[in-house]
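> Okay, here's the structure, questions in a sec.
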Amino acid sequence: MNRFALFTDVSLNPQRKLGVGAWLVIPDAYLTAAPGGIAETEIAGQVRMRKFKDTSSTKLELQTVLWALEEFRSGLTASRPGELTIYSDSQCVAGLLKRRQELERKSFLSGRTHHLLRNTPLYQKFYALYDQCAFTIIPVKGHSPSCSHDTVHRIFSLVDRQARHELKLWMNELRL
Numbered sequence: 605m606n607r608f609a610l611f612t613d614v615s616l617n618p619q620r621k622l623g624v625g626a627w628l629v630i631p632d633a634y635l636t637a638a639p640g641g642i643a644e645t646e647i648a649g650q651v652r653m654r655k656f657k658d659t660s661s662t663k664l665e666l667q668t669v670l671w672a673l674e675e676f677r678s679g680l681t682a683s684r685p686g687e688l689t690i691y692s693d694s695q696c697v698a699g700l701l702k703r704r705q706e707l708e709r710k711s712f713l714s715g716r717t718h719h720l721l722r723n724t725p726l727y728q729k730f731y732a733l734y735d736q737c738a739f740t741i742i743p744v745k746g747h748s749p750s751c752s753h754d755t756v757h758r759i760f761s762l763v764d765r766q767a768r769h770e771l772k773l774w775m776n777e778l779r780l
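Below, the structure written as structure tokens:
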């Protein structure tokens, strides 16, 4: 069984409701390397990015994870199955599996307003992909000091920097 690590992060301009989602999937074996053992140039070109409009921080995190999961799933075949671990600093993404039973029990209705939760379609898609891929989610502390970075944090930091850089370029283009 092939094992993979998926790193996702986003960068958002909340005033414009514009954001960039970024993800990287690598063989799990990379995570056993020493923190300085992986050259950023080795994996930087593999980071995938997409621009999203009319979004919020929670929605963007979900959109990015869903996009990455769909791409990952479409790349698998019966002859090349894979086990996936997702690394994300999103509290929403990290907590969704724990919240599933309660959300489904309440039919995705808000306990306070009894209206459908804003991101219900994204939650439902997330759970459907979980049922197909059975991934694990490991929360990552984002924006930690670089001196404390282990291999996971170094890789996550690379994805984070690329998302922020892409958003900055996009915002500069819009100013022209």
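Residue numbers 605 to 780, in the numbering used here, belong to the letters of the sequence shown in order. Virtual Cβ for every residue (Gly too), placed ideally from N, Cα, C.
Quick test of your reading: Gly-686 and Arg-607, contact by CB under 8 Å. State the CB separation rounded to the nearest angstrom.
As a working mapping, residue 686 is identified with position 82 in the sequence shown. As a working mapping, residue 607 is identified with position 3 in the sequence shown. Contact holds; Cβ gap of about 7 Å.
> Could you tell me the alpha carbon to alpha carbon distance between Val-697 and Met-775, rounded to whole angstroms?
Within the sequence shown, numbered from 1, the residue matching residue 697 stands at position 93. Within the sequence shown, numbered from 1, the residue matching residue 775 stands at position 171. So the alpha carbons of these two residues sit roughly 26 Å apart.
> Considering Ser-678, what are the terminal residues of the alpha helix (DSSP H) in which it resides?
On the sequence shown, residue 678 is found 74 positions in, with the first residue counted as 1. Run containing Ser-678: 661-679, per the alpha helix (DSSP H) assignment.
> Could you tell me which whole alpha helix (DSSP H) segments of length 4 or greater appear in the segment 696-771?
If we require 4 residues or more, the alpha helix (DSSP H) runs fully inside the segment 696-771 come out as 724-737.
> Specify, as a first and last residue, the run of the alpha helix (DSSP H) that Ile-642 falls within.
Here residue 642 is taken as the residue at index 38 of the sequence shown, counted from 1. Looking at the DSSP string, Ile-642 is not in any alpha helix (DSSP H), and its letter there is neither H nor E.
> Report back the beta-carbon spacing between Ile-741 and Ser-661 to the nearest angstrom; my notes put them in contact at under 8 Å.
Position 137 of the sequence shown, counted from the start, is the residue given in the question as residue 741. Position 57 of the sequence shown, counted from the start, is the residue given in the question as residue 661. The pair is not a contact, with the Cβ atoms about 17 Å apart (cut-off 8 Å).
> Just how far apart, CA to CA, sit Asp-764 and Thr-668?
In the sequence shown, counting from the first residue as 1, residue 764 sits at position 160. In the sequence shown, counting from the first residue as 1, residue 668 sits at position 64. Roughly 13 Å between the two C-alpha positions.
> Just to check my reading of the structure: Val-624 and Leu-771 have Cβ atoms closer than 8 Å, yes? What is that Cβ distance to the nearest angstrom?
Mapped onto the sequence shown, residue 624 falls at position 20. Mapped onto the sequence shown, residue 771 falls at position 167. The Cβ separation is near 4 Å, so the contact holds.
> Measure the CB-CB distance between Val-614 and Glu-674 and report whether it falls below 8 Å.
Walking along the sequence shown from the start, residue 614 turns up at place 10. Walking along the sequence shown from the start, residue 674 turns up at place 70. For Val-614 and Glu-674, no; Cβs fall outside 8 Å.
> Measuring only the C-alpha atoms, how far is Lys-729 from Arg-703?
Within the sequence shown, the letter at position 125 stands for residue 729. Within the sequence shown, the letter at position 99 stands for residue 703. Going from the Cα of Lys-729 to the Cα of Arg-703 covers about 14 Å.
> Looking at the structure shown, is Asp-632 part of a helix, part of a strand, or coil, going by DSSP?
As a working note, residue 632 is residue 28 in the sequence shown. Correct three-state label for Asp-632: helix.
> Which residue wins for smallest C-alpha separation from His-769, given the options Arg-758, Lys-655, Tyr-727?
Position 165 of the sequence shown, counted from the start, is the residue given in the question as residue 769. It is Lys-655 whose Cα lies nearest to the Cα of His-769.
> Who are Met-653's beta bridge partners in DSSP?
Locating residue 653 in the sequence shown gives position 49, counting from the first residue. Its beta-bridge partners are Ala-626.
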